[in-house]
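Engineer: The structure is given below, and queries will be raised subsequently.
There are 2 protein chains.
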Amino acid sequence: MINAVGRDIPEKVLKDLNMKPFAGTYARNGEEYKKAAPTVRCWMDPKESKMVDSIHDVLVKCGLRDGMTLSFHHHFREGDYIVNMVMEEVHKMGVKDITICASSLGKAHDPIVPMIEDGTITNIQSSGVRGKIGEAISTGKLKGYAIMRSHGGRVRAIESGDVHIDIAFIGAPTADEYGNLRAVGGKSDCGVLSYAYVDAQYADKVVAITDTLVPYPNIPASISQVNVDYVIVVDEIGNPAKIATGAAKPTTDVRKLMMAEYCTKFVINTPYFKDGFSYQTGVGGASIASTISLGKIMKERGIKMGLGLGGIAGPMCELLEQGLIEKLVDTQDFDLKAIQSITNNPNHIEITGSEYANPMNKGAYVNKLDFVILASLEVDTHFNCNVVVDSNGMVTGAQGGHPDTAAGAKCTIVIAPLLQGRTPAICTDVTTVTTPGETVDVVITDYGVAVNPARPDLLECAKAAKLPVKTIEELRDMAYAITGEPEPIKFGDRVVGVIEARDGTIIDVVRQIKDYEWD
Amino acid sequence: MINAVGRDIPEKVLKDLNMKPFAGTYARNGEEYKKAAPTVRCWMDPKESKMVDSIHDVLVKCGLRDGMTLSFHHHFREGDYIVNMVMEEVHKMGVKDITICASSLGKAHDPIVPMIEDGTITNIQSSGVRGKIGEAISTGKLKGYAIMRSHGGRVRAIESGDVHIDIAFIGAPTADEYGNLRAVGGKSDCGVLSYAYVDAQYADKVVAITDTLVPYPNIPASISQVNVDYVIVVDEIGNPAKIATGAAKPTTDVRKLMMAEYCTKFVINTPYFKDGFSYQTGVGGASIASTISLGKIMKERGIKMGLGLGGIAGPMCELLEQGLIEKLVDTQDFDLKAIQSITNNPNHIEITGSEYANPMNKGAYVNKLDFVILASLEVDTHFNCNVVVDSNGMVTGAQGGHPDTAAGAKCTIVIAPLLQGRTPAICTDVTTVTTPGETVDVVITDYGVAVNPARPDLLECAKAAKLPVKTIEELRDMAYAITGEPEPIKFGDRVVGVIEARDGTIIDVVRQIKDYEWD
Numbered sequence: 100m101i102n103a104v105g106r107d108i109p110e111k112v113l114k115d116l117n118m119k120p121f122a123g124t125y126a127r128n129g130e131e132y133k134k135a136a137p138t139v140r141c142w143m144d145p146k147e148s149k150m151v152d153s154i155h156d157v158l159v160k161c162g163l164r165d166g167m168t169l170s171f172h173h174h175f176r177e178g179d180y181i182v183n184m185v186m187e188e189v190h191k192m193g194v195k196d197i198t199i200c201a202s203s204l205g206k207a208h209d210p211i212v213p214m215i216e217d218g219t220i221t222n223i224q225s226s227g228v229r230g231k232i233g234e235a236i237s238t239g240k241l242k243g244y245a246i247m248r249s250h251g252g253r254v255r256a257i258e259s260g261d262v263h264i265d266i267a268f269i270g271a272p273t274a275d276e277y278g279n280l281r282a283v284g285g286k287s288d289c290g291v292l293s294y295a296y297v298d299a300q301y302a303d304k305v306v307a308i309t310d311t312l313v314p315y316p317n318i319p320a321s322i323s324q325v326n327v328d329y330v331i332v333v334d335e336i337g338n339p340a341k342i343a344t345g346a347a348k349p350t351t352d353v354r355k356l357m358m359a360e361y362c363t364k365f366v367i368n369t370p371y372f373k374d375g376f377s378y379q380t381g382v383g384g385a386s387i388a389s390t391i392s393l394g395k396i397m398k399e400r401g402i403k404m405g406l407g408l409g410g411i412a413g414p415m416c417e418l419l420e421q422g423l424i425e426k427l428v429d430t431q432d433f434d435l436k437a438i439q440s441i442t443n444n445p446n447h448i449e450i451t452g453s454e455y456a457n458p459m460n461k462g463a464y465v466n467k468l469d470f471v472i473l474a475s476l477e478v479d480t481h482f483n484c485n486v487v488v489d490s491n492g493m494v495t496g497a498q499g500g501h502p503d504t505a506a507g508a509k510c511t512i513v514i515a516p517l518l519q520g521r522t523p524a525i526c527t528d529v530t531t532v533t534t535p536g537e538t539v540d541v542v543i544t545d546y547g548v549a550v551n552p553a554r555p556d557l558l559e560c561a562k563a564a565k566l567p568v569k570t571i572e573e574l575r576d577m578a579y580a581i582t583g584e585p586e587p588i589k590f591g592d593r594v595v596g597v598i599e600a601r602d603g604t605i606i607d608v609v610r611q612i613k614d615y616e617w618d
Numbered sequence: 100m101i102n103a104v105g106r107d108i109p110e111k112v113l114k115d116l117n118m119k120p121f122a123g124t125y126a127r128n129g130e131e132y133k134k135a136a137p138t139v140r141c142w143m144d145p146k147e148s149k150m151v152d153s154i155h156d157v158l159v160k161c162g163l164r165d166g167m168t169l170s171f172h173h174h175f176r177e178g179d180y181i182v183n184m185v186m187e188e189v190h191k192m193g194v195k196d197i198t199i200c201a202s203s204l205g206k207a208h209d210p211i212v213p214m215i216e217d218g219t220i221t222n223i224q225s226s227g228v229r230g231k232i233g234e235a236i237s238t239g240k241l242k243g244y245a246i247m248r249s250h251g252g253r254v255r256a257i258e259s260g261d262v263h264i265d266i267a268f269i270g271a272p273t274a275d276e277y278g279n280l281r282a283v284g285g286k287s288d289c290g291v292l293s294y295a296y297v298d299a300q301y302a303d304k305v306v307a308i309t310d311t312l313v314p315y316p317n318i319p320a321s322i323s324q325v326n327v328d329y330v331i332v333v334d335e336i337g338n339p340a341k342i343a344t345g346a347a348k349p350t351t352d353v354r355k356l357m358m359a360e361y362c363t364k365f366v367i368n369t370p371y372f373k374d375g376f377s378y379q380t381g382v383g384g385a386s387i388a389s390t391i392s393l394g395k396i397m398k399e400r401g402i403k404m405g406l407g408l409g410g411i412a413g414p415m416c417e418l419l420e421q422g423l424i425e426k427l428v429d430t431q432d433f434d435l436k437a438i439q440s441i442t443n444n445p446n447h448i449e450i451t452g453s454e455y456a457n458p459m460n461k462g463a464y465v466n467k468l469d470f471v472i473l474a475s476l477e478v479d480t481h482f483n484c485n486v487v488v489d490s491n492g493m494v495t496g497a498q499g500g501h502p503d504t505a506a507g508a509k510c511t512i513v514i515a516p517l518l519q520g521r522t523p524a525i526c527t528d529v530t531t532v533t534t535p536g537e538t539v540d541v542v543i544t545d546y547g548v549a550v551n552p553a554r555p556d557l558l559e560c561a562k563a564a565k566l567p568v569k570t571i572e573e574l575r576d577m578a579y580a581i582t583g584e585p586e587p588i589k590f591g592d593r594v595v596g597v598i599e600a601r602d603g604t605i606i607d608v609v610r611q612i613k614d615y616e617w618d
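Residue numbers (our numbering), protein chains in the order written: chain A, 100 to 618; chain B, 100 to 618.
Below is the structure:
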């Protein structure tokens, strides 16, 4: 069945997953639905303890069995030890057919690939995957489907009951013995626990794992005792050096600096750039350079940002410190500066993943964005973006908040160099659609700026900013003129993964990579 | 059917309400149950506004109809305008058979009595009632049952689905246009919105009513935009003078000072009085005097409180300021000092009603109490307390957190003068059981101190403290010797209300008052 972005979603996949094809970004707006709910055990007797000695013991207490769904968060990023620690024990116990529902998975989790191969893990739900898990999925080793969800989409899936978590494992930089969890104050601080909040609310059993037990009460808590069943203390929950990076050096890449300049010029020439505006940006070199130059102009013109949103890195924290941002609202911290900022600055505030981006609650923060600055592996002539599958067809990225912020923001700007190495980033059709073109307003490349024809108002802004305005087709043609039109990737027939739109429909599928055949 | 505190609960009542008789404070510990969930409308389109012009319009938007359950919080206490404002409009619209589910109701709500009489309101669920609503209930004017729940019990009832809220009305000192609500920063600050949190989570429709609209985002929010459907601005949501009282003058009543001294002496002679202890107290004169004298001893001995809990008044905030409390954890503010403290002191922290006292979540703060100091209208020889029905049989008080803290604390101390005017406070059987005696450890009167025989350890502490130790029967006999044994109140047969134990069973019933008959 052809969906609203022109992708053919096989009937078998729709049936297997009981899902519908994507029908447009706002198609489900206003729908009513009954929220899901966990089955919980009440802790009424004050004499009971939540402390458990080992992961093995807690798995027994939680009644681990074949076919369960276990959940994890990714706030420790490439420094995470929790997923491997838990799955190793699950594997030892011989339990099979586990679904992993993670807010994201990375190279840190390469050690679980053998468990995919032997049927311990048969389904993966994640914002994305990298490294060997991506290869395992793309080469057909996962028995079930990999479901890739945006950060908002994952919360929606859990809150609506599309996925039910049996046991949530929450790595916590600090915990008290009754399960109040904080993201700061321990050996492996990660700043916030935003993405784990929904797991704590909706999982039947919730297990906190910490390496730093602190006196009761550990508050203000990111996750409260009222949602936690058990607390385990281990030696190390993560590798701090890989959880938070040091300060990123400002880019010196002239292409990135040029795109940053285009971006800033465009932003300040829109009517949304006024006192109290709201803004989110990524951590790419161009995004960061653009944020820094925007800050200078804000200072010159006496304009303050009312709301800075998102995964947060140092440069946004510096604007906050300089008094150029009223409130910095945070779901993930990328560097030490951000972790220090949320620990110390009362105007730097943690929110939950649902508050950030869930499209089916009563209104997420992304809905209030004026600007979002995003990156993309590919953008096509329909303005569709691909942030998950590389140009070899391998799953190697994550949706993150990309489709969520694009859908919410008044002005969605995608920065992409015309060429990613020898591959055109601007193309006729993206390999895989992860963010629908109807939500992408402006594409900024090092060869020019294209505005979505649906936004003639923004085209006028780009012209007023004296930017090198092109059509998206012109940009594509320039790219193809340099590299030649790329050969289509050869996929097999088997669908190994689906790209879930933030509203729970299928926007695209990912097929198994075909072994290379000589013509 | 006779329940675990010896009260006869009529079969008809059990059947009408589909409830079970009370079987003991911890009888339901460890039970598993599926939580309730609301039916929500998603707000996906960033262009939609939540602002509505009037209460009438919002009632129409929410689909108000006969038989619905509307909910309210009581953080504005006797200064609340919200209940009357909403119910006046409901009444005008001619809607009937409304259940009011309030965290509490007071004299401020006397104006709704005519709506009880004319069938607009047919059921009331509240922590308690005062004034004319109590009279209306006790004289049989309410068509259905009044259900009295503790603060924790109310959250349990909502989270478990025993009561389903159709529309929650949340008076908010400040709100932004997308529904982020705070308890401070407006014309009618109330410090916290703890008891309204569960309404926002579990009601199908959530309406915020404010008199102070502030710029977006109004954070850190007590109640988040993701749970709020509509925002209304009115002229005044409350009377600040009646929301928060000024500083209470220290009592000069010698009886109260004597009981305070007994209480302090007892506390410091228990093994629980050590660095890091946890403590909750009320706002009665003796409680406050005891807190002040306890503070002096803590300072002398270099002992700090780890956790101060509860409804908070000035004296606890002063201990926090003096560095004698690590964390002050708050669900309700009784005076201006407390509101100022939570606004300014980062160690004074708001929690939700569920975190405070819900017996059927994964562990409430009350479970971590070492001491709670409570008052009571009556205490009987089984140590049962009555805090709802006066000695004339009239409903005129509230359960509040009484049964919750008593069940949670390691040491529950009830302070009551031997006589309340000419009525014995220590009696053979309380008029109505609201807190079961098995959770009450020590009773302190101006004529002596009685310890529950179930706690021989605490009896030794009382003796070590050189307190005038009596049996509870001795105290009762002293009271009866002064006043004579009181005549039993003459009730009619009709049950007009039930006292719900915190676990959702019936601990006692309230019968209609009988007109006086000459013998």
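From the three backbone atoms N, C-alpha and C, an ideal C-beta is built for every residue, glycine too.
Taking the CB atoms as reference points, tell me whether residue 318 of chain A and residue 271 of chain A lie closer together than 8 Å.
Structural biologist: What you label residue 318 of chain A is simply residue 219 of the first sequence in a count that begins at 1. What you label residue 271 of chain A is simply residue 172 of the first sequence in a count that begins at 1. No, Cβ-Cβ distance for residue 318 of chain A and residue 271 of chain A is not below 8 Å.
Engineer: Which runs of the beta strand (DSSP E) at least 3 residues long sit entirely within the region 390-469 of chain A? Give them in chain order.
Structural biologist: You should have 404-411, 424-432 and 447-449.
Engineer: Under 8 Å, with one C-beta from each stretch per pair, do the region 399-410 of chain B and the region 600-611 of chain B reach the 3-pair mark?
Structural biologist: The region 399-410 of chain B, when compared against the region 600-611 of chain B, does not touch it at the 8 Å Cβ threshold.
Engineer: Just to make sure I have the definition right: I need the residues of chain A whose C-beta is within less than 8 Å of the C-beta of residue 290 of chain B. Which are they?
Structural biologist: Along the second sequence, read from residue 1 onward, the residue named residue 290 of chain B stands at position 191. Within 8 Å Cβ-Cβ: nothing; residue 290 of chain B doesn't reach chain A, min ~15 Å.
Engineer: According to DSSP, is residue 378 of chain B helix, strand or coil?
Structural biologist: Here residue 378 of chain B corresponds to residue number 279 of the second sequence, with the count starting at 1. DSSP places residue 378 of chain B in strand when its eight states are reduced to three.
Engineer: Can you list, in chain order, the residues of its chain whose CB lies under 7 Å from that of residue 388 of chain B, leaving out five sequence neighbours each side?
Structural biologist: Position 289 of the second sequence, counted from the start, is the residue given in the question as residue 388 of chain B. Cβ neighbours of residue 388 of chain B beyond the five flanking positions: 349, 350, 355, 356 and 359.
Engineer: When you compare the region 159-173 of chain B with the region 197-209 of chain B, are there three or more beta-carbon pairs, one atom per stretch, that lie closer than 8 Å?
Structural biologist: The region 159-173 of chain B vs the region 197-209 of chain B: in contact.
Engineer: Expressed to the nearest angstrom, what Euclidean distance is found between the alpha-carbon atoms of residue 551 of chain B and residue 505 of chain B?
Structural biologist: To locate residue 551 of chain B, count along the second sequence from 1; it is residue 452. To locate residue 505 of chain B, count along the second sequence from 1; it is residue 406. Whole-angstrom Cα-Cα distance: 13 Å.
Engineer: Tell me whether the region 142-160 of chain B and the region 323-341 of chain B touch, counting them as touching only if at least three CB pairs, one residue from each stretch, are closer than 8 Å.
Structural biologist: Touching, yes, given that three or more Cβ pairs across the two stretches are closer than 8 Å.
Engineer: Return yes when the Cβ of residue 187 of chain A is within less than 8 Å of the Cβ of residue 158 of chain A, no when it is not.
Structural biologist: Translated into the one-based positions of the first sequence, residue 158 of chain A becomes position 59. Translated into the one-based positions of the first sequence, residue 187 of chain A becomes position 88. Not in contact: residue 158 of chain A and residue 187 of chain A (Cβ atoms no closer than 8 Å).
Engineer: Below 7 Å on C-beta distance, what does residue 393 of chain A contact in chain B?
Structural biologist: Here residue 393 of chain A is taken as the residue at index 294 of the first sequence, counted from 1. Per Cβ cutoff of 7 Å: no residues; residue 393 of chain A is ~20 Å from chain B at best.
Engineer: With a threshold of 8 Å, are at least 3 pairs of Cβ atoms found where one atom belongs to the region 539-554 of chain A and the other to the region 585-592 of chain A?
Structural biologist: No, they do not touch.
Engineer: Count the C-beta pairs between the region 105-120 of chain B and the region 289-298 of chain B that are closer than 8 Å, then say yes if the count reaches three, no if not.
Structural biologist: The region 105-120 of chain B vs the region 289-298 of chain B: no contact.
Engineer: Suppose contacts are defined by Cβ-Cβ distances below 8 Å. Is residue 598 of chain B in contact with residue 237 of chain B by that definition?
Structural biologist: In the second sequence, residue 598 of chain B corresponds to position 499, counting from 1. In the second sequence, residue 237 of chain B corresponds to position 138, counting from 1. Going by C-beta atoms, residue 598 of chain B is not nearer than 8 Å to residue 237 of chain B.
Engineer: Taking only beta-carbon atoms, is residue 453 of chain A less than 8 Å away from chain B?
Structural biologist: In the first sequence, residue 453 of chain A corresponds to position 354, counting from 1. Yes - at least one Cβ of chain B is within 8 Å of the one on residue 453 of chain A.
Engineer: With a threshold of 16 other CB atoms inside 10 Å of the CB of residue 148 of chain A, please say whether the residue is buried or exposed.
Structural biologist: Residue mapping note: residue 148 of chain A aligns to position 49 of the first sequence, counting from 1. Counting Cβ neighbours within 10 Å, residue 148 of chain A comes out exposed, since fewer than 16 surround it.
Engineer: In the DSSP assignment, find the alpha helix (DSSP H) that holds residue 230 of chain B and state where it starts and stops.
Structural biologist: Locating residue 230 of chain B in the second sequence gives position 131, where the first residue counts as 1. It spans 230-237 - the alpha helix (DSSP H) in which residue 230 of chain B sits, taken as one unbroken run.
Engineer: Cβ of residue 314 of chain B less than 8 Å from any chain A Cβ?
Structural biologist: The sequence position of residue 314 of chain B within the second sequence is 215, counting from 1. Taking Cβ atoms only, chain A reaches closer than 8 Å to residue 314 of chain B, which makes this a yes.
Engineer: For residue 592 of chain B, which option in B/610, B/577 and B/576 has the closest C-alpha, if you only look at C-alpha atoms?
Structural biologist: The sequence position of residue 592 of chain B within the second sequence is 493, counting from 1. Residue B/610 is the option with its Cα nearest to residue 592 of chain B.
Engineer: For residue 455 of chain B versus residue 500 of chain B, is the C-beta spacing smaller than 8 Å?
Structural biologist: The sequence position of residue 455 of chain B within the second sequence is 356, counting from 1. The sequence position of residue 500 of chain B within the second sequence is 401, counting from 1. Closer than 8 Å, so yes.
Engineer: Are there three or more Cβ pairs, one per stretch, closer than 8 Å when the region 537-545 of chain A is compared with the region 508-525 of chain A?
Structural biologist: They touch, by the three-pair rule.
Engineer: Let me know if residue 521 of chain A comes out buried or exposed under the rule of 16 or more other beta-carbons within 10 Å of its beta-carbon.
Structural biologist: Against the first sequence, residue 521 of chain A aligns to sequence position 422. Residue 521 of chain A comes out exposed.
Engineer: Relative to the C-alpha of residue 498 of chain B, which residue among B/276, B/251, B/218 and B/114 is closest?
Structural biologist: What you label residue 498 of chain B is simply residue 399 of the second sequence in a count that begins at 1. The shortest C-alpha separation from residue 498 of chain B is found at B/251.
Engineer: Whole angstroms are fine: how far does the CA of residue 575 of chain A sit from the CA of residue 479 of chain A?
Structural biologist: The count along the first sequence starts at 1 and reaches residue 479 of chain A at position 380. The count along the first sequence starts at 1 and reaches residue 575 of chain A at position 476. In a straight line, the C-alpha of residue 479 of chain A is about 8 Å away from that of residue 575 of chain A.
Engineer: Once the 5 residues before and after residue 460 of chain B are set aside, which same chain residues still bring their CB inside 6 Å of it?
Structural biologist: Residue numbering aside, residue 460 of chain B sits at position 361 when the second sequence is read from its first letter. Closer than 6 Å at the Cβ level, and outside the excluded window around residue 460 of chain B, lie 453.
Engineer: So, is the C-beta of residue 351 of chain B closer than 8 Å to a C-beta in chain A?
Structural biologist: For this step, residue 351 of chain B is matched to residue 252 along the second sequence. Closer than 8 Å: no.
Engineer: Between the region 323-353 of chain A and chain B, which residues of the former have CB atoms less than 9 Å from a CB of the latter, in chain order?
Structural biologist: Cβ contacts with chain B: 323, 324, 325, 326, 327 and 328.
Engineer: Below 7 Å between beta carbons is the criterion; list the residues of the region 109-128 of chain B that meet it against any residue of chain A, in chain order.
Structural biologist: The region 109-128 of chain B vs chain A, Cβ under 7 Å: 125, 127 and 128.
Engineer: I need the straight-line Cα distance from residue 273 of chain A to residue 467 of chain A, nearest angstrom please.
Structural biologist: Within the first sequence, the letter at position 174 stands for residue 273 of chain A. Within the first sequence, the letter at position 368 stands for residue 467 of chain A. So the two alpha carbons sit approximately 32 Å from each other.
Engineer: Look at the Cβ atom of residue 548 of chain A, then the Cβ atom of residue 365 of chain A, and state whether they are nearer than 8 Å.
Structural biologist: Taking the first residue of the first sequence as 1, we reach residue 548 of chain A at position 449. Taking the first residue of the first sequence as 1, we reach residue 365 of chain A at position 266. Result yes, Cβ atoms of residue 548 of chain A and residue 365 of chain A sit closer than 8 Å.
Engineer: Measuring only the C-alpha atoms, how far is residue 391 of chain A from residue 283 of chain B?
Structural biologist: By 1-based counting over the first sequence, the position of residue 391 of chain A is 292. By 1-based counting over the second sequence, the position of residue 283 of chain B is 184. One C-alpha to the other measures close to 34 Å.
Engineer: Using the Cβ count rule (16 or more neighbours within 10 Å means buried), how would you classify residue 288 of chain A?
Structural biologist: Here the question's residue 288 of chain A lines up with position 189 in the first sequence. Burial call: buried.
Engineer: Could you tell me whether the Cβ atoms of residue 195 of chain A and residue 230 of chain A are closer together than 8 Å?
Structural biologist: Position 96 of the first sequence, counting from 1, holds the residue named residue 195 of chain A. Position 131 of the first sequence, counting from 1, holds the residue named residue 230 of chain A. For residue 195 of chain A and residue 230 of chain A, no; Cβs fall outside 8 Å.
Engineer: How big is the Cα-Cα spacing for residue 124 of chain A and residue 134 of chain A?
Structural biologist: As a working mapping, residue 124 of chain A is identified with position 25 in the first sequence. As a working mapping, residue 134 of chain A is identified with position 35 in the first sequence. When rounded, the distance between both Cα atoms is 21 Å.
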